[in-house]
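Novice: Residue numbers for the sequence shown follow the numbering used here, so the first one is 7 and each next one is one higher.
All C-beta atoms, glycine included, are put in the ideal place defined by N, C-alpha and C.
Bear in mind the structure is a predicted one, so any value in this text is a computation, not a measurement.
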Amino acid sequence: MLLWAQYWYNIAFHHSMGMSPYQAVYGTPPPSLIREAENSWKDLVELQESYPNFNFVDKVAVKEGSTVTRVGEWGNGGRHVASKKQNDDIRCHEVLRNSLFLMGEIGGNDLNYLFFQQKSAEDVKTYVPYVINAIASAIHELIGVGARTLIVPGDVPIGCSVIYLTIYESPDKKQYDQSGCLKWLNEFVEYYNHELQSELDKLRILHPHANIIYADYYNAALPLYRDPKKFGFIGLKACCGKGGPYNFNELVKCGDPSVNVCDDPSKYIGWDGIHLTEAAYKLIAQGIIKGQHSQPQFSSLCLSNENFLYFNS
Numbered sequence: 007m008l009l010w011a012q013y014w015y016n017i018a019f020h021h022s023m024g025m026s027p028y029q030a031v032y033g034t035p036p037p038s039l040i041r042e043a044e045n046s047w048k049d050l051v052e053l054q055e056s057y058p059n060f061n062f063v064d065k066v067a068v069k070e071g072s073t074v075t076r077v078g079e080w081g082n083g084g085r086h087v088a089s090k091k092q093n094d095d096i097r098c099h100e101v102l103r104n105s106l107f108l109m110g111e112i113g114g115n116d117l118n119y120l121f122f123q124q125k126s127a128e129d130v131k132t133y134v135p136y137v138i139n140a141i142a143s144a145i146h147e148l149i150g151v152g153a154r155t156l157i158v159p160g161d162v163p164i165g166c167s168v169i170y171l172t173i174y175e176s177p178d179k180k181q182y183d184q185s186g187c188l189k190w191l192n193e194f195v196e197y198y199n200h201e202l203q204s205e206l207d208k209l210r211i212l213h214p215h216a217n218i219i220y221a222d223y224y225n226a227a228l229p230l231y232r233d234p235k236k237f238g239f240i241g242l243k244a245c246c247g248k249g250g251p252y253n254f255n256e257l258v259k260c261g262d263p264s265v266n267v268c269d270d271p272s273k274y275i276g277w278d279g280i281h282l283t284e285a286a287y288k289l290i291a292q293g294i295i296k297g298q299h300s301q302p303q304f305s306s307l308c309l310s311n312e313n314f315l316y317f318n319s
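1) Between the C-alpha atoms of Tyr28 and Trp277, what's the straight-line distance to the nearest angstrom?
2) What does the alpha-carbon distance come out to for the pair His299 and Glu111?
3) For a test of the three-state rule: what should DSSP assign to Ser305, helix, strand or coil?
4) Under the three-state reduction of DSSP, which class applies to Gly226: helix, strand or coil?
5) Quick check on the DSSP output: the beta strand (DSSP E) that includes Val101 runs from which residue to which?
6) Could you check whether Gly186 and Gly241 sit closer than 9 Å to each other, using their CB atoms as the reference points?
7) Would you identify the three-state DSSP class for Gln92, choosing helix, strand or coil?
8) For a quick check, are the C-beta atoms of Glu201 and Pro135 less than 9 Å apart?
9) Check whether the stretch 199 to 215 touches the stretch 250 to 259, counting contact only when three or more Cβ pairs, one atom from each stretch, lie closer than 8 Å.
10) Closest by CA to Ser264, which one among Gln124, Lys248 and Asp270?
11) I'd like the ranges of any alpha helix (DSSP H) spanning at least 4 consecutive residues and lying wholly in the stretch 126 to 210.
12) Can you tell me which of the three DSSP states Asn255 falls into?
13) Asp233: buried (16+ other C-beta within 10 angstroms of its C-beta) or exposed?
14) Does the separation of the CB atoms of Val158 and Ile218 fall below 9 Å?
15) Please report how far the alpha carbon of Leu307 lies from the alpha carbon of Ile145, in whole angstroms.
16) Let me know the secondary structure DSSP gives Ala285 once reduced to three states.
17) Would DSSP call Phe239 helix, strand or coil?
18) Looking at the secondary structure, which residues open and close the beta strand (DSSP E) in which Tyr220 lies?
19) Asp270 lies in the alpha helix (DSSP H); which residues open and close that run?
20) If you follow the alpha helix (DSSP H) that Gly110 is in, where does it begin and where does it stop?
21) Applying the criterion that 16 or more other CB atoms from any shown protein chain within 10 Å of the CB defines a buried residue, is Gly238 buried or exposed?
22) Please work out which residues of its chain come closer than 7 Å, Cβ to Cβ, to Leu102, disregarding the five sequence neighbours upstream and downstream, and give them in chain order.
23) Helix, strand or coil, according to DSSP, for Asp116 in the structure here?
24) Mapping DSSP to helix, strand and coil, what is Gly279?
25) In this structure, how does DSSP classify Gly247 when only helix, strand and coil are distinguished?
26) Per DSSP, Ser300 is paired with what?
27) Answer with buried or exposed for Lys236, where buried requires no fewer than 16 other C-beta atoms within 10 angstroms of its C-beta.
28) Give the straight-line distance between the Cα atoms of Gly113 and Pro177, rounded to the nearest whole angstrom.
29) DSSP has Asp262 in a bridge; who is on the other side?
30) Return the residue from the list Asn225, Phe254 and Cys245 that minimises the CA-CA distance to Gln301.
31) Between which residues of its own chain and Val168 is the CB-CB distance below 6 Å, once the five residues before and five after are set aside?
32) In chain order, what residues of the same chain lie with their CB nearer than 7 Å to the CB of Asn199, ignoring the 5 residues before and after it?
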C-alpha cells in the first residue's frame with residue numbers, strides 16, 4: 007500500500023517539497039511491497055502510478071471506481087498473490103500472520119466528495135452503510151488469506167479541516183466550537199465512527215482468532231485543535247496554500263507553482279487544506295500506538311516492535 011500512500015497527498019507534497027512524504031521522513035523512496043506480485047495485481051498499482059490524480063471516488067460512493075469497488079479489487083488481488091505464493095513458498099501465510107495491516111482509513115474520500123457537493127449530513131449518512139460494508143468486506147478478505155492483526159482507523163475531525171471551513175464558512179458563530187471547528191461536521195464524524203466501531207464489534211465475534219484494532223484518529227487529533235499552542239502549533243491555517251483566512255484557496259491549491267510553502271511545517275497542523283503535516287500525524291500515531299486512542303490498546307496486544315521506535319523519538 008506504500009505505493010498508493012506515495013500519491014495519497016495527491017501530488018501536492020511532491021511538487022512543493024520535491025519528494026514524497028515517506029521520503030521526507032525516512033530519506034529514501036517508499037519500497038514496493040508487491041514487487042513479486044502477479045502481473046494482474048501489479049497492473050492495478052501501475053495504473054495508479056500512471057494517473058497520480060486518480061481517486062477512489064467516481065460520482066457517488068457506490069459507483070465503479072469508488073471505495074466499494076476498489077477495495078474488492080485489492081482484496082481479490084491479495085488473495086491471488088497469497089495463493090500464488092503458497093504454491094511457491096509455504097512461508098507466505100506465516101508472513102501474513104505476522105504482518106500488521108492498516109485498513110485505510112477507507113472511505114474518507116467518498117464521504118468528502120459528497121460533502122464537497124454540499125450535501126447535507128443527513129444525505130451523507132445514507133451512504134455510510136455502503137462505506138462500512140466495504141471496510142468489513144476488506145477485513146473478511148484479508149483474514150481469509152491469513153491476516154491476523156489489522157488496524158481499522160476511524161475518520162478525523164473534518165470540521166477542523168481547512169477545506170471544509172472554507173466551503174462551509176458561515177457568519178453564524180453558533181456553528182463553530184471554541185476551537186473554530188464546525189460542530190455539525192464533527193458530529194457527523196462521531197456518528198460515522200460509532201457505526202464503524204459497532205461493525206468492528208461484530209467482526210471480532212466472527213473472527214475471534216484475529217486482532218481487529220480500532221484506531222481512534224478523531225480523538226487522537228482533536229487535542230491538537232483544542233490546544234494547539236501546547237503542541238507547538240499555530241492553529242487552523244494550512245502550511246501550503248494561498249489566500250483566505252485559512253491560507254487556502256479552492257482554485258489555487260498546494261502544488262500549484264504560485265503557491266508557497268510555510269517556512270516550518272512542524273508548526274502547522276494542516277498541510278494543504280485537507281491533509282495534515284508530518285508533525286501532526288506523528289502525534290496522532292503516538293496517541294494510537296502508545297496512548298489511549300486504540301481499542302483494544304496496543305500495549306495489551308504485545309505489539310512492541312522496533313518499527314515503532316520512530317514514534318518514541
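Specialist: In short:
1) Since pLDDT at Tyr28 reaches only 49, below the 50 mark, its modelled position is unreliable, and no value is offered.
2) The straight-line gap from Cα to Cα measures roughly 15 Å.
3) helix
4) Just to set this straight, residue 226 is Ala in the shown sequence, not Gly. Ala226: helix per DSSP, three-state reduction.
5) Note, Val101: premise wrong, no beta strand (DSSP E); alpha helix (DSSP H) at Cys98 to Arg103.
6) Yes, Cβ-Cβ distance for Gly241 and Gly186 is below 9 Å.
7) Low confidence applies here, because Gln92 scores a pLDDT of 48, under 50, leaving its location unreliable; read the following figure in that light. DSSP, read as helix, strand or coil, puts Gln92 in helix.
8) yes
9) no
10) Lys248
11) Runs found: 127 to 131, 134 to 150 and 168 to 173.
12) coil
13) exposed
14) yes
15) 19 Å
16) helix
17) coil
18) Its beta strand (DSSP E) spans residues Asn217 to Ala221.
19) Neither: Asp270 is in no alpha helix (DSSP H) and is coded neither H nor E.
20) DSSP places Gly110 in no alpha helix (DSSP H); its state is neither H nor E.
21) exposed
22) Ala88, Val151, Gly152 and Ala153
23) helix
24) coil
25) strand
26) Ala221
27) exposed
28) 30 Å
29) Cys260
30) Asn225
31) Excluding sequence neighbours, Val168 sits near Ala244, Tyr252, Phe254, Gly276 and Gly279.
32) Gly160, Asp161 and Tyr224
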